[in-house]
């Protein structure tokens, strides 16, 4: 079977630069300091206390990390800033690990003393699992489950021997595997380890504990480590099995309210980003002829694979090739997903900068940019996709669906404002935002780092959200059961949004003030791989483009 062919040619390692690797290593050491590690413990304690995920205090994390950096033998401020920029990313990766391993009621894994890391500054799940299994603190049954989920064959076999009979009885049923209520990979490994001592002849039972079924389960739950294991086990996987795996991902992880469902009806499910890493991994290892069947059938899933690291630089090229294949009524899902990729790096601390909530703090403190959390500038991708959209699709996003209004609402209210939204507050915030909304945004300002105010301008000035679409969005939300429960909180929020939009409409009538463009220079790892043709690479000006630009600039000067 051909590998890395067709769509697989976009599989590139793209390791970070040496100075980034060094900065990540120092940032990891900083995060493991006792004062910083306390945030990790508190994250899990807050969940256990409240029964739900609580957003960490990113402002305090930032403050403590700045304080800690001075205890390291680093003298140059630019190096300190580079190190500090990785701290929130490392914590985000740890918190995601906790969500799956510790908060998960099926696993309940204790937080390890040490995490293992990839060169990109993300937790290495498999190697961290190996560390946990070799420790003496975690419950042996949970260790066994962990070994099975990450396909650590030797560890799973050794741990099975150490389990007592009562523990084993909860994991195996010699007569009927269907009665075992365990994660699919745990069931697979339990019967695989004991295959010499049990005799199952029923075909449906044999199918349940087969490697093929375990592979499908790994794919649907987004378990890339296990998927890679089964590829090695099969050596030459059946093409029909690979097609079935991709179809199951699309069928069982269904679209809910323009979101890919984050939860799966199994015992465990990895984050949705991991699901698309699995989708791409399987697709890239299929025959070209099979790829050519899958891509037109599931273009949306294929495009979303290129929002995952390290393939973002190929997104624009693939977008040009495949966006017309995406059904128009589902295109808003992709556009929304790009926006939420950017919004995911938006912390509660940064959110406060959209609102002027205290007369005792200078406005500059709200506008000043914090250390970036992004691994990739999805804002630039968001603006680039909007620029390339035909009018018809722009209308679908901004007028004919509630997509754009949903984006605006989430930008403003991703986090609680920390105060009541009274009529006085609405009037105050509307006046505060007016001085920003009356200035014409530019492409450079939109994509530059974490300029949230310019993103708000962009959504309104480009008509991605407007009064009519927001009214439709509110009507849709009001029909949901959750709306009635949260009515007292939601209605003041909608009142504030309508006030901002109405204020913007008055500003638009008088015309916008011009802002100077900000030059944005792409880091090497963010430069788009588009085409060998300069005409297709919109981020690299050709000689002809430069001449046109100079001509336009000359005309402006004469005017």
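In this note's numbering, the protein residues as written are 78 to 636.
For every residue, glycine included, the Cβ atom is placed at its ideal position computed from N, Cα and C.
Closest in alpha carbon position to residue 280, among 273, 271, 290, 274, is 290.
By the criterion of a C-beta distance shorter than 6 Å, residue 457 is surrounded in its chain by 524, once the five residues flanking it on both sides are discounted. Here residue 257 carries a coil assignment [DSSP, helix/strand/coil]. For residue 541, no alpha helix (DSSP H) segment is defined, and its DSSP state is neither H nor E.
As the crow flies, the alpha-carbon of residue 84 is around 39 Å from that of residue 131. Around the beta carbon of residue 381, a 10 Å sphere encloses 16 or more other beta carbons of the protein chains shown; the residue is thus reported as buried.
Taking a C-beta distance under 8 Å as the contact criterion, residue 391 and residue 376 do not qualify as a contact pair.
Between residue 99 and residue 163, the beta carbon gap of about 11 Å keeps them out of contact (Cβ cut-off 8 Å). Taking C-beta atoms as the reference points, residue 517 and residue 590 count as a pair closer than 8 Å. Under the DSSP assignment, residue 205 falls in the alpha helix (DSSP H) whose first and last residues are 202-211.
The beta carbon of residue 123 sits closer than 6 Å to those of 131, all from its chain and outside the five residues before and after it, given in chain order. Where residue 365 is concerned, the enclosing alpha helix (DSSP H) starts and stops at 365-374. Contact between the stretch 351-364 and the stretch 315-328 is present, with at least three C-beta pairs closer than 8 Å. With fewer than three CB-CB distances shorter than 8 Å, the stretch 268-284 does not count as touching the stretch 297-317. For the options 178, 462, 401, the alpha carbon positioned closest to that of residue 414 is the one of 462. In this structure, residue 209 lies near residue 223, with their beta-carbon atoms less than 8 Å apart.
Spatial neighbours of residue 203 in its own chain (CB-CB distance under 7 Å, excluding positions within 5 residues in sequence) are listed in chain order as 227, 302.
In the DSSP assignment, residue 522 falls within the unbroken alpha helix (DSSP H) covering 520-524.
Put simply, the backbone Cα of residue 225 is about 20 Å away from that of residue 312.
One thing to note: residue 263 has its Cβ no nearer than 8 Å to the Cβ of residue 244. With contacts defined by Cβ atoms closer than 8 Å, residue 498 and residue 573 form a contacting pair.
DSSP links residue 516 through a beta bridge to 590. In terms of Cβ geometry, residue 192 and residue 205 form a close pair [threshold 8 Å]. As the crow flies, the alpha-carbon of residue 239 is around 15 Å from that of residue 249. Sixteen is the threshold: since fewer than 16 other Cβ atoms of the shown chains lie within 10 Å of the Cβ of residue 593, the residue is exposed. Separation of residue 496 and residue 488 (C-alpha to C-alpha, rounded to the nearest whole angstrom) is 17 Å. Within the same chain, Cβ atoms closer than 6 Å to the Cβ of residue 470 are found at 408, the five residues on either side in sequence being excluded.
Residue 139 counts as buried, since no fewer than 16 other beta carbons sit within 10 angstroms of its beta carbon. The distance from the Cβ of residue 184 to that of residue 142 is about 29 Å, inconsistent with a contact at the 8 Å cut-off.
Under DSSP, residue 194 shares a beta bridge with 200. Judged by their CB atoms, residue 536 and residue 484 are nearer to each other than the 8 Å cut-off. Residue environment for residue 522: buried (at least 16 other C-beta atoms within 10 angstroms of its C-beta). DSSP places residue 126 within a helical segment (H, G or I) once states are collapsed to three. Taking C-beta atoms as the reference points, residue 186 and residue 237 fail to come closer than 8 Å. Around the beta carbon of residue 316, fewer than 16 other beta carbons sit within 10 angstroms, so the residue counts as exposed.
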